[in-house]
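Start counting at 1 in the sequence shown, then tack on 1, and there's your number in my numbering.
Glycine is no exception: its CB is placed at the ideal position from the N, C-alpha and C atoms.
Note that this is a predicted model, so its numbers are computed, not measured.
Working notes, beginning with the structure itself.
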Amino acid sequence: MTAPLNAESGEDRTAPTATVGLLSDPGRPTDIAQKLSAELPGVLADRVNSEVVWRVCVRSEQVPLDEQGRIPLDEAAEKMPAEQWDLMVCITELPRSDGSRPVVADVDVKRGVGLASLPAIGWLRPRAHARNTVAHVVGVLSKEKLGASGSRAVSRSHHHIRRRPTEFASPVRQVPSDQENIDLHLALTGARGRLRLLFGMVRDNRPWRLVPSLSRAIAASAAAAAFGIFYPSIWGMADALSVQRLVAISCFAVVVMAVWITVHNSLWEHPARHVDAKRAALYNAATVLTLLIGVLCMYVLLFAVTLLAAAAVISASYMEAQLGHSVGFFEYVKLVWLASSMGTIAGALGSSLESEAAVRRATYSRREQERRARRRRREGVGEEKGTD
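Here it is in structure tokens:
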């Protein structure tokens with residue numbers, strides 16, 4: 002902790018200054034870090050130490066990974082002297098775990114560095130949760146590294162900062178770590194915590210990106226849907242189907258396309274060891290949910306476009322002549338509903354024309370792509386050596 006340098010007008014130049022560096026992965030982590038940089042000084046003054054002038058700096062750079070796909074905090078901490086940071090928090094899109102427990106944050110109090118994992122922060126209000134997580138990590142680090150809360154020594158398992166009442170209902174708990182170079186974890190507990198991590202992983206994969214990325218699948222879907230609305234034989238079938246059966250057909254079509262993309266592009270993870278089974282199940286669940294949401298987005302878009310086309314091309318009088326009864330808007334909806342389901346199933350076949358790399362880019366975040374690429378290389382080396 003140092004005396005303030007180049008302090009802005011109005012600051013108390015006699016107050017100690019602590020500089021917190023946020024090292025964030027490019028993309029969404031950097032976007033969140035940039036927003037936090039303006040909010041954290043006030044939050045840290047309120048919740049950690051009001052007698053310190055807090056400065057927050059952001060550097061967008063890929064957080065380093067080791068050969069096992071883990072984030073070594075000791076290597077990340079080597080950047081602190083050059084940046085003149087007192088404390089550092091890395092922000093990444095990669096999920097973290099301590100055995101079977103999902104981890105929100107890691108803390109290395111000796112080096113004054115922590116790590117926040119955005120997937121464990123969850124789907125809802127990620128910026129607010131990220132702010133609370135980083136503030137907690139900085140609070141722990143400042144006590145040990147800077148002595149910001151006084152001269153009293155604080156044990157590894159007994160850190161406290163001021164918490165808001167709503168945080169006591171959170172599934173996040175602070176626990177000591179047995180991992181090398183990590184003293185503390187903020188871990189998620191219970192089924193609620195695991196669900197929070199799962200939906201956070203899906204959020205970071207951004208499933209809505211699947212729609213513009215699978216152009217060949219969308220072309221096949223549109224062609225099949227057009228066939229459905231322009232051939233009167235399909236009209237009678239749609240008119241005879243109940244709403245319940247149309248719902249079942251829609252669900253079947255969405256699931257078929259999601260499963261086809263998963264299998265055809267080898268997105269399903271098979272654990273190399275039994276101890277990795279739970280982790281692989283989590284990644285597979287995130288993949289399936291990402292694809293289901295992405296395909297559902299495509300289905301909704303296809304439905305909307307097909308409905309406009311049907312309304313523009315098919316006259317009500319001609320449809321009445323074909324069906325033998327008066328028609329209204331609901332008959333158009335049922336026709337487009339069935340046509341969209343047909344188109345989605347055709348889109349599954351069309352997705353086979355997409356490259357595996359394109360599908361992975363559309364399905365996963367940048368860091369998840371990197372993790373999977375490292376895993377494939379590691380398993381490939383193991384197979385070549387005959388060690389796995």
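ask   = What number of angstroms, rounded off, separates the C-alpha of residue 368 from the C-alpha of residue 126?
value = 21 Å
query = How big is the Cα-Cα spacing for residue 362 and residue 30?
reply = 17 Å
task = Determine, using beta carbons only, whether residue 112 and residue 84 come nearer to each other than 8 Å.
result = no
message = To the nearest angstrom, how far is the alpha carbon of residue 318 from that of residue 237?
response = 15 Å
request  = Starting from the N-terminal side, write out each stretch of the alpha helix (DSSP H) that is 4 residues or longer and does not extend beyond the stretch 86-130.
outcome  = 119-122
query = What does a CB cutoff of less than 7 Å around residue 350 pick up in its chain, not counting 5 residues either side in sequence?
reply = Result list for residue 350: 221, in chain order.
task = Spell out the partners DSSP gives residue 61 in its beta bridges.
result = 25
Reduced DSSP category for residue 66 - H, G, I as helix; E, B as strand; rest coil = coil
task = Taking only runs that begin and end inside the stretch 272-358, name each unbroken alpha helix (DSSP H) of 4 or more residues, in chain order.
result = 278-314, 317-324, 330-351
query = Beta-carbon separation of residue 115 and residue 90 under 8 Å?
reply = Remark: C-beta atoms of residue 115 and residue 90 approach each other more closely than 8 Å.
Extent of the continuous alpha helix (DSSP H) run through residue 173 = Run containing residue 173: none in the alpha helix (DSSP H); it sits in the beta strand (DSSP E), 173-177.
key: Secondary structure of residue 264, DSSP reduced to three states   = helix
request  = Please look up how many angstroms separate the CB atoms of residue 230 and residue 340, rounded, as I've assumed it's under 8 Å.
outcome  = Contact holds; Cβ gap of about 5 Å.
query = Where does residue 128 land, buried or exposed, given buried means 16+ other C-beta within 10 angstroms?
reply = The residue is exposed, with fewer than 16 neighbouring Cβ atoms inside 10 Å.
key: CA-to-CA distance, residue 206 to residue 94, given in whole angstroms   = Between residue 94 and residue 206, the alpha-carbon positions lie close to 9 Å from each other.
inquiry  = Per DSSP, what are the beta-bridge partners of residue 186 in this structure?
reply    = 107, 176
query = Quick one: what's got a C-beta closer than 8 Å to residue 267's C-beta in the same chain, skipping five residues either side?
reply = Hits under 8 Å: 357.
query = Measuring CA to CA, which of 259, 24, 43, 92 is closest to residue 80?
reply = Selected option, being the one with the closest Cα: 24.
request  = Take every Cβ of the stretch 183-190, pair it with every Cβ of the stretch 103-110, and state whether three or more of those distances are shorter than 8 Å.
outcome  = yes
task = Determine the direct distance from the alpha carbon of residue 203 to that of residue 337, and round the result to whole angstroms.
result = 29 Å
inquiry  = Taking 7 Å as the limit between beta carbons, can you name the residues of its chain near residue 285, skipping five residues before and five after?
reply    = 269, 270
key: Own chain residues within Cβ distance below 6 Å of residue 239, not counting five before or after   = 335, 336, 339
message = For residue 363, would you say it is in contact with chain D, using Cβ-to-Cβ distances shorter than 8 Å as the test?
response = This model lacks chain D altogether; it includes just one protein chain.
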